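Taking it in order: structure first as structure tokens, then the write-up.
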Amino acid sequence: MVKVGIVFKRNSLMTPRKFFPVLFRLRKNLMVACWIAASTFFPRAVRAQAPFSKSLAAAEYLEDFDAAWTFIRDSYAYFDRKQTDWERVRTFYRPRAAEVRSKREFVGVLERVMEELYDPHAHLGVNTPSSPRLVPSGTDVWAEWRGNRAVITAVRSSSEAERAGLRAGMEILSVGIMPVRSAVQERLPAALGAPDSAANDWALRATLAGRHNAPVKVGVRAGGRRAAFEFRPRLTIQSQAPMTARILDGNVGYVRIHDALGDTALISAWD
Numbered sequence: 014m015v016k017v018g019i020v021f022k023r024n025s026l027m028t029p030r031k032f033f034p035v036l037f038r039l040r041k042n043l044m045v046a047c048w049i050a051a052s053t054f055f056p057r058a059v060r061a062q063a064p065f066s067k068s069l070a071a072a073e074y075l076e077d078f079d080a081a082w083t084f085i086r087d088s089y090a091y092f093d094r095k096q097t098d099w100e101r102v103r104t105f106y107r108p109r110a111a112e113v114r115s116k117r118e119f120v121g122v123l124e125r126v127m128e129e130l131y132d133p134h135a136h137l138g139v140n141t142p143s144s145p146r147l148v149p150s151g152t153d154v155w156a157e158w159r160g161n162r163a164v165i166t167a168v169r170s171s172s173e174a175e176r177a178g179l180r181a182g183m184e185i186l187s188v189g190i191m192p193v194r195s196a197v198q199e200r201l202p203a204a205l206g207a208p209d210s211a212a213n214d215w216a217l218r219a220t221l222a223g224r225h226n227a228p229v230k231v232g233v234r235a236g237g238r239r240a241a242f243e244f245r246p247r248l249t250i251q252s253q254a255p256m257t258a259r260i261l262d263g264n265v266g267y268v269r270i271h272d273a274l275g276d277t278a279l280i281s282a283w284d
């Protein structure tokens, strides 16, 4: 089963304050599942899963690809905010779908298709051991481009990256064995109609998240010195409570939502 999480158009099927799955069946029981909220989808990360055991015929992969591409074209809410040329996405990736010989390869093609949206809320709900980690739930480092420099702006507290020594303010020089600009270029969407700084930042963060089956290796510069770090991001562990609240000094109320906007238990906790 292949699941896709996307943000739906407002005129799609919705129910206020609740998430529910909408399933439609593709050939040979491949399915696309989309969870819908009132206006935005906040996915939960999933751990790497075993590859599918049974392959399909080449024509069946193409049929599934066309169904998924059409579904996203008709349902995704934010094409007006993107530079994504969805027709070019089909032109670019359909030949790749025609060449796949296993469901693992097919998942890889669909992952690249979803990444053309450079939207952290749009991703597959199933992955292989070599799939990219999700951002932000599966990454330890947040970064952005500042001119020609890739700069770390935040490191997850108590994360593997923090324990390795990475800190906000460090400039990223390399990822793996590649200069950071070259590494990020490989993750940039291929079907942009025009340059988009949001796509550049998304690709940088996706590069720093890495893949499930490999550690992240980065070279940085800080205080005029260069250093190398290696870490393996862990999946974010959610609090048992959907939210916590307390009163701060000065009688200020502080409420923290623990990545639980898709959890209906948040409603009663808030009330």
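Residue numbers are given in the working numbering: position 194 of the sequence shown equals residue 207, and the series is strictly consecutive.
All C-beta atoms, glycine included, are put in the ideal place defined by N, C-alpha and C.
This structure is a prediction, so every number in the text was calculated from the model and none was measured.
What does the alpha-carbon distance come out to for the pair residue i and residue j?
{"i": "A63", "j": "P142", "result": "A caution first: A63 carries a pLDDT of 42, below 50, which makes its placement in the model too unreliable to give a value."}
{"i": "D10", "j": "E76", "result": "An answer regarding residue 10 cannot be provided, because it is not within the stretch 14 to 284 covered by the chain."}
{"i": "M127", "j": "R224", "result": "16 Å"}
{"i": "G236", "j": "E184", "result": "10 Å"}
{"i": "V59", "j": "V139", "result": "In this prediction, V59 has a pLDDT of 33, which is less than 50 and means its spatial position is unreliable; nothing more can be read from the coordinates."}
{"i": "E73", "j": "P133", "result": "28 Å"}
{"i": "E154", "j": "A110", "result": "Here residue 154 turns out to be Val, not Glu, going by the sequence shown. If I take the Cα positions, the gap works out to 32 Å."}
{"i": "Y267", "j": "G178", "result": "30 Å"}
{"i": "P255", "j": "S172", "result": "21 Å"}
{"i": "F84", "j": "R239", "result": "47 Å"}
{"i": "L147", "j": "A219", "result": "8 Å"}
{"i": "A241", "j": "I190", "result": "11 Å"}
{"i": "R269", "j": "R114", "result": "46 Å"}
{"i": "A61", "j": "W283", "result": "Reliability fails at A61, whose pLDDT of 40 lies under 50, so the model's placement of it is uncertain and no value is given."}
{"i": "R101", "j": "L186", "result": "32 Å"}
{"i": "R290", "j": "R117", "result": "There is no way to answer for residue 290, as the model of the chain reaches only from 14 to 284."}
{"i": "A278", "j": "A258", "result": "15 Å"}
Kindly identify the DSSP beta-bridge partner or partners of residue i.
{"i": "F105", "result": "Partner(s): none; F105 has no beta bridge."}
{"i": "G266", "result": "I260"}
{"i": "E145", "result": "With the sequence shown as reference, residue 145 is identified as Pro, and Glu is not the correct amino acid for it. Answer is R224."}
{"i": "E157", "result": "V164"}
{"i": "Y131", "result": "Y131 pairs with nothing; no bridge assigned."}
{"i": "K95", "result": "Per DSSP, none; premise fails for K95."}
{"i": "A241", "result": "G232"}
{"i": "L123", "result": "Paired residue(s): none; L123 is not in a bridge."}
Please report the Cβ distance between residue i and residue j, rounded to the nearest whole angstrom; I am assuming they are in contact, meaning their Cβ atoms lie under 8 Å.
{"i": "F244", "j": "A181", "result": "Actually they are not in contact, since the Cβ atoms of F244 and A181 sit about 15 Å apart, beyond 8 Å."}
{"i": "A216", "j": "F105", "result": "No, A216 and F105 are not in contact; Cβ-Cβ is about 16 Å, not under 8 Å."}
{"i": "A212", "j": "Y89", "result": "Rounded, the Cβ-Cβ distance is 15 Å, inconsistent with contact."}
{"i": "D214", "j": "E157", "result": "5 Å"}
{"i": "A222", "j": "P145", "result": "6 Å"}
I'd like to know if residue i contacts chain B, where contact means its C-beta is closer than 8 Å to some C-beta of that chain.
{"i": "N161", "result": "Of the protein chains in this structure there is only one, and it is not chain B."}
Do the stretch 187–198 and the stretch 93–102 meet, that is, are 3 or more Cβ pairs less than 8 Å apart?
Touching, no, given that fewer than three Cβ pairs across the two stretches are closer than 8 Å.
Output the residue ranges of the beta strand (DSSP E) runs that lie fully inside the stretch 165–215 and measure 3 residues or longer, sorted by chain position.
Listed in chain order, the complete beta strand (DSSP E) runs (minimum 3 residues) inside the stretch 165–215 are 184–188.
Looking at C-beta atoms only, is the number of pairs between the stretch 117–124 and the stretch 160–171 that lie closer than 8 Å three or more?
Taking a contact to require three or more Cβ pairs closer than 8 Å, the stretch 117–124 and the stretch 160–171 do not qualify as touching.
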